[in-house]
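Chains as they are written, first to last, in my numbering: chain H, 61 to 280; chain S, 1202 to 1512; chain F, 762 to 1258.
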Amino acid sequence: MNTQMIVDSVLVLVILLDLAMLAVSRLATCIRLFALQSLLLALLPLAATTGRGEIPGLHEITVAAGALGLKVILLPRILLRIIRTGEIHQEIEPFIGFTASVLVGAGLVIGSFAVTRGLPLPVDRISDFLPPVSAATILVGLLILISRVKAVTQVVGFLVMENGIYLFGLLLLEQTPLLVELGILLDLFVGVFIMAIVVYHIRREFDHMDTHLLDTLKEA
Amino acid sequence: MSVLRALTVLPEAAVVLALPPMLMSVIAKTKAWFAGRVGPPWLQPYYDMLKLLRKGTVYSRTTTWVFRAGPIVNLAALLTAATMIPVLSGDVLLGFPGDVVLVAYLFALGRLFTVLAAMDTGSSFEGMGASREVTFGTMSEPALFLSFVVLAVATKSLELSEMVGPPLAIAWKSVGPAMLLVAGALTIVLLAETCRIPVDDPATHLELTMIHEVMVLDHSGPDFAFISYAAALKFMLLGSLLLHVALPHAAGWGAVGVLLRLLELGLLAVVVGAIESTMARLRLNRVPLFLAGASVLSGLATAIVLVRSHG
Amino acid sequence: MPNLLLLIHVPLAFALLCLGLPFSWLRLASLAAGAVVHLGVVAWTWWVPSVGGTGAYLGLDPLGHLFLTLISVLFAATSVYFVGYHQKRLVSQRVFLACVLVLLAALSLVCLSRQIGLLWVAMEAASLAATPLIYFRLGPRALEATWKFVLMNSVGIALALLGIFCIAVSAGASEGGAVSLTVSDLIAGAARLDPVWLRAGFLLALVGFGTKMGLAPLHSWKPDAYGEAPPPVAALLAGGMTLGAFTGILRVYQICNAAGLAAFAGFWLMVFGLLSLAVAAVFIVGHNDYRRILAYTSVEHMGIMAVGIGLGASGSYATMLHALHNTLNKGVLFFLAGFVWRTYHSTRIRDVAGMLHRFPAAGVVLLAGLCATCALPPFGMFFSELGVLLAAAEQSRWWVVGVFTFTLAVVFVGVMTAMLPMVFGDPPVAAAGEAVGPRWRRTAMLAPAGVLALLALALGTYQPRAVTEALAAAAACVSAPGASERVAVQDPVEVLP
Chain H
61 MNTQMIVDSV
71 LVLVILLDLA
81 MLAVSRLATC
91 IRLFALQSLL
101 LALLPLAATT
111 GRGEIPGLHE
121 ITVAAGALGL
131 KVILLPRILL
141 RIIRTGEIHQ
151 EIEPFIGFTA
161 SVLVGAGLVI
171 GSFAVTRGLP
181 LPVDRISDFL
191 PPVSAATILV
201 GLLILISRVK
211 AVTQVVGFLV
221 MENGIYLFGL
231 LLLEQTPLLV
241 ELGILLDLFV
251 GVFIMAIVVY
261 HIRREFDHMD
271 THLLDTLKEA
Chain S
1202 MSVLRALTVL
1212 PEAAVVLALP
1222 PMLMSVIAKT
1232 KAWFAGRVGP
1242 PWLQPYYDML
1252 KLLRKGTVYS
1262 RTTTWVFRAG
1272 PIVNLAALLT
1282 AATMIPVLSG
1292 DVLLGFPGDV
1302 VLVAYLFALG
1312 RLFTVLAAMD
1322 TGSSFEGMGA
1332 SREVTFGTMS
1342 EPALFLSFVV
1352 LAVATKSLEL
1362 SEMVGPPLAI
1372 AWKSVGPAML
1382 LVAGALTIVL
1392 LAETCRIPVD
1402 DPATHLELTM
1412 IHEVMVLDHS
1422 GPDFAFISYA
1432 AALKFMLLGS
1442 LLLHVALPHA
1452 AGWGAVGVLL
1462 RLLELGLLAV
1472 VVGAIESTMA
1482 RLRLNRVPLF
1492 LAGASVLSGL
1502 ATAIVLVRSH
1512 G
Chain F
762 MPNLLLLIHV
772 PLAFALLCLG
782 LPFSWLRLAS
792 LAAGAVVHLG
802 VVAWTWWVPS
812 VGGTGAYLGL
822 DPLGHLFLTL
832 ISVLFAATSV
842 YFVGYHQKRL
852 VSQRVFLACV
862 LVLLAALSLV
872 CLSRQIGLLW
882 VAMEAASLAA
892 TPLIYFRLGP
902 RALEATWKFV
912 LMNSVGIALA
922 LLGIFCIAVS
932 AGASEGGAVS
942 LTVSDLIAGA
952 ARLDPVWLRA
962 GFLLALVGFG
972 TKMGLAPLHS
982 WKPDAYGEAP
992 PPVAALLAGG
1002 MTLGAFTGIL
1012 RVYQICNAAG
1022 LAAFAGFWLM
1032 VFGLLSLAVA
1042 AVFIVGHNDY
1052 RRILAYTSVE
1062 HMGIMAVGIG
1072 LGASGSYATM
1082 LHALHNTLNK
1092 GVLFFLAGFV
1102 WRTYHSTRIR
1112 DVAGMLHRFP
1122 AAGVVLLAGL
1132 CATCALPPFG
1142 MFFSELGVLL
1152 AAAEQSRWWV
1162 VGVFTFTLAV
1172 VFVGVMTAML
1182 PMVFGDPPVA
1192 AAGEAVGPRW
1202 RRTAMLAPAG
1212 VLALLALALG
1222 TYQPRAVTEA
1232 LAAAAACVSA
1242 PGASERVAVQ
1252 DPVEVLP
């Protein structure tokens, strides 16, 4: 197994985790799957640079460590804590059923492979799977975001989408300044933190975390 | 076909024909071991079949010729498929470009007649089993076909013995992840098509939860022997397909390769037995999700090989 | 030339002060002081002519300078308004006021950043600072509005990030090595950008920042957020944050323009703009909640700005003029909305009729604001909308002219029939006896609104040469990037750690 194959397999695993998140109904499992996906993504830049025979630089290590601490440890802990204190464990049947959403997700994955084939990839890349996998992850994140009822799952959907964007950003790892990347991570953290607070308030206000009761504001 | 070729292939064919009940026996032994029992003798499936073959058959007056044709057509279809699927060595009796489609449809034909025979009895239980069988069949068939597509694209061949033969070892190097996905999809297809846990429980005693077993309740004597043998044969065929994809042998391993395959088939049976002993059957409404997973895996693999083979 | 970092540090310092000060009036004073000092620094940047090269992280080009000034004026007015608006029973006033100042700092950074990655970070920081402001009234309705705001804006801003990445990929096409994401470098090297990725990047950025700006069909959070947030916060969002998001779109548009994709970018801007106009026209008619009507007028005005930029060089001056008057106008109207809310405690129009009888001054200002938002002369929006229309006609884009005129007419009728009773109608009997708080409060609320309204009227009737020049420079900066680069640049060493 050469590095290329390891990187490819990791990317395929990322897609499988996307689809698994569409399939599971337990919120805690969903959050853990997200943490696993983030772990793979955090280690990917290190694996890629090592594979090229280089020693990962400060930039790669900082970004990987930031992603690791934030998306693998901190955010899943916050989310797990919310569902534990809220005693809510199960996603109720979503607007789109589990089987249907897996099939839609698979369609999105294949669609992203088809679409990104036509895009030229100018920069020195880690793997040619990277654009389709990142597009698929973004789309699956959006799918989770719009098709699920629980506020926590919607947050997970947003985070999955963010993972996809992070993956796309790996294409540019050497080209973007560290400052901006850390800013992005920080913004992500604060964003999810605020979301978590809002989720907490939703639970206190309505005694559950279903967003379908958030529909009093509409056109008269 | 030259005489020489026939001489080399025929002994293998004989072994292949004799093998399937043995695999069932391995599964039974494994399950017994997990349960802490000794289990039936190794040759029990053969005894059972011999006993059934000596018995007469009972046909309900409401059934027609379809009911009688069911087990025979099913067995015939699978035997024909067996001539095209490499089992131990990479050689097959019959092989031509496009045979992969025929193989898939032979499996479908066998299923069709089993289902028709079940419905011919007019029993509501068997009708229910038939309906489930068809439902799950329609969900596992796309996975099988998509897997074939992946193999065809990766090896640039439409002949089954080539598609799972030496070219595959090269394909593993370039599109390894896709091959892993196909292996995963074929595993699910194997479990579903041969009515194993977690899709179906072959040892269940409740007609309401059965799928395959409930369809063949009314068959007796030689007919039932055919059905049991056909089920074992199907397990072996799909299993060896899976093994050829998952663990490709390089060309020229000869007798060692054949022995290795025999060992691998035995191990596969042990693994299936272990799955049956440790897992529970899925709730019926979660089965479609499981089967859709197979299609998704092979669909993803298709996307990957298409990108890689042209990229 | 003052240090540009002052524009960020000053509000942040006063935000910290707000968190620390023990008394409510001290904190309000700190907010006002922060905003006014900020305005002072901005005035200083106009006073001292700026010079400089290109390529660093922070800088003031004419576009950023114009928007920065508008935002600063709006915040200064709002900070005064808060003195009258605030109430003792507000929970955690510290956090609220600090968030307002952080929002000001973040929006200043948006206007100052010369690097689109940094711009993104600043924009995200702005929307995060705005979230607690929207949830400030507590309760289920505010919660729902906040959740929609957070979720839609997070998704939008994430897509904008993806768009920025796409632009970076397009820049990597030729260079391979390190890619500079500063606007000036991207414009300078625009010819070598990969067009496919640049198109993708523009569309994603348009959708992303468009969500934040409130362009249809991604506007759905807007009526909820503006309707549920405290009205002065809605003023900050409608007049300030939208400008920040618009800056994001304009930066990307500048790059596309330089790369020769102006027609492509313009087309999509017009599509989104006209759609926003149509959506506003559909939803304004027959509404009875005045704050949601104002939110839809904001959607409408954002649509006009998008169409104006989409029309290219001839429409961009009108767009800048519109941005100016939109900021002033949204300030006036939402300040008045806050006044009405404080006075009547109702959001329904039939409960708040007859302002002219009860509070003549407020009634007059409200009337002025309504006339301005419906683009009646002599208010400036008349000229800016006319400018957009003329630009469309000049290019013989008759379908734009048609949709534009029709929707504006519908919006005019919708807003006027709904809101004129607020000014002229008979005051409701039940509300007549209600206490309306001390006089100084009303004065503190009405004075900023009046000042902004007068400013709008004055600029509409007589536009000083300096203002025209500033607007023209900003417009030229968008429509002819590179030609009019007059960027004052900060030393990057001070920014990077």
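No residue lacks a Cβ here, since even glycine has one placed at the ideal position from N, Cα and C.
Remember, it's a predicted structure, so these values are computed and weren't measured experimentally.
Pro1378(S) reaches chain H at Asp68, Ser69, Val72, counting residues in chain order whose Cβ is nearer than 7 Å. Take the alpha-carbon of Ala790(F) and the one of Ile1110(F): they are about 33 Å apart.
For the options Ala1231(F), Val1239(F), Ser1077(F), Ala1236(F), the alpha carbon positioned closest to that of Trp807(F) is the one of Ala1231(F). Following the DSSP letters along the chain, one finds Leu100(H) inside the alpha helix (DSSP H) bounded by residues 87 to 111. Taken through DSSP and simplified to helix, strand or coil, Ser853(F) comes out as coil. Looking only at Arg1312(S), Ala1475(S), Met1320(S), the smallest Cα-Cα distance to Pro1399(S) is reached by Ala1475(S).
In the structure shown, Ser207(H) falls within a helical segment according to DSSP collapsed to helix, strand and coil. Chain-ordered, the chain F residues with CB closer than 7 Å to the CB of His261(H) read Leu904. CA-to-CA, the gap between Gly1000(F) and Ser1499(S) works out to about 52 Å. The alpha helix (DSSP H) runs lying completely inside the region 978 to 1035 of chain F and spanning 4 residues or more are 982 to 989, 992 to 997, 1003 to 1019, given in chain order. Assignment of alpha helix (DSSP H) within the region 1153 to 1198 of chain F, counting only whole runs of 4 or more residues, yields 1159 to 1185 in chain order. Comparing alpha carbon positions, the residue from Asp822(F), Gly845(F), Cys872(F), Trp786(F) closest to Trp1201(F) is Gly845(F).
Annotated three-state conformation of Leu819(F) is strand, per DSSP. Straight-line measurement puts the Cα of Ala195(H) at about 16 Å from the Cα of Ser98(H).
Per DSSP, the continuous alpha helix (DSSP H) segment holding Tyr1430(S) begins and ends at 1422 to 1447. Contact annotation: Ala1227(F) and Leu232(H) have beta-carbon atoms that are not nearer than 8 Å. Between Leu1213(F) and Val1093(F), the CB-CB gap stays under 8 Å. Taking 8 Å as the CB threshold, Leu1352(S) stays off the interface with chain H.
For Cys1135(F), there is no enclosing alpha helix (DSSP H), as DSSP marks it with neither H nor E. From the beta-carbon of Ala1493(S), the residues of chain H found nearer than 7 Å are Thr159, Val162, Leu163. Bounds of the alpha helix (DSSP H) holding Tyr1051(F) are 1051 to 1071. For Ser1478(S), the uninterrupted alpha helix (DSSP H) run begins and ends at 1455 to 1479, by DSSP. One thing to note: Leu1220(F) has its Cβ no nearer than 8 Å to the Cβ of Val1149(F). In the same chain as Pro1489(S), and ignoring 5 residues on each side of it, the C-beta atoms closer than 7 Å to its own belong to Met1340, in chain order. The three-state secondary structure of Thr943(F), taken from DSSP, is strand. Pairing Ala1067(F) with Pro993(F), the inter-Cα distance amounts to about 25 Å. Look at Arg1255(S) here: in three-state DSSP terms it is helix. The alpha-carbon of Phe1425(S) is positioned some 15 Å away from that of Thr1322(S). When CB distances to chain H are screened at a threshold of 8 Å, not a single residue of the region 1161 to 1195 of chain F falls below it. Restricting attention to Leu1137(F), His1048(F), Val1046(F), the CA atom closest to the CA of Asn1090(F) is found in Leu1137(F). Within the region 975 to 986 of chain F, the residues whose Cβ lies closer than 9 Å to some Cβ of chain H are Pro984, Asp985, listed in chain order. The DSSP-derived three-state label of Gln214(H) is helix.
In the structure shown, the three-state DSSP call for Ser1358(S) is coil. Comparing alpha-carbon positions, the option among Lys1230(S), Leu1492(S), Tyr1247(S), Ala1215(S) lying closest to Leu163(H) turns out to be Leu1492(S). Beta-bridge partners of Gln876(F) (DSSP): Thr943(F). Think of a sphere of 7 Å around the beta carbon of Leu79(H): the chain S residues whose beta carbon falls inside it are Val1497, in chain order.
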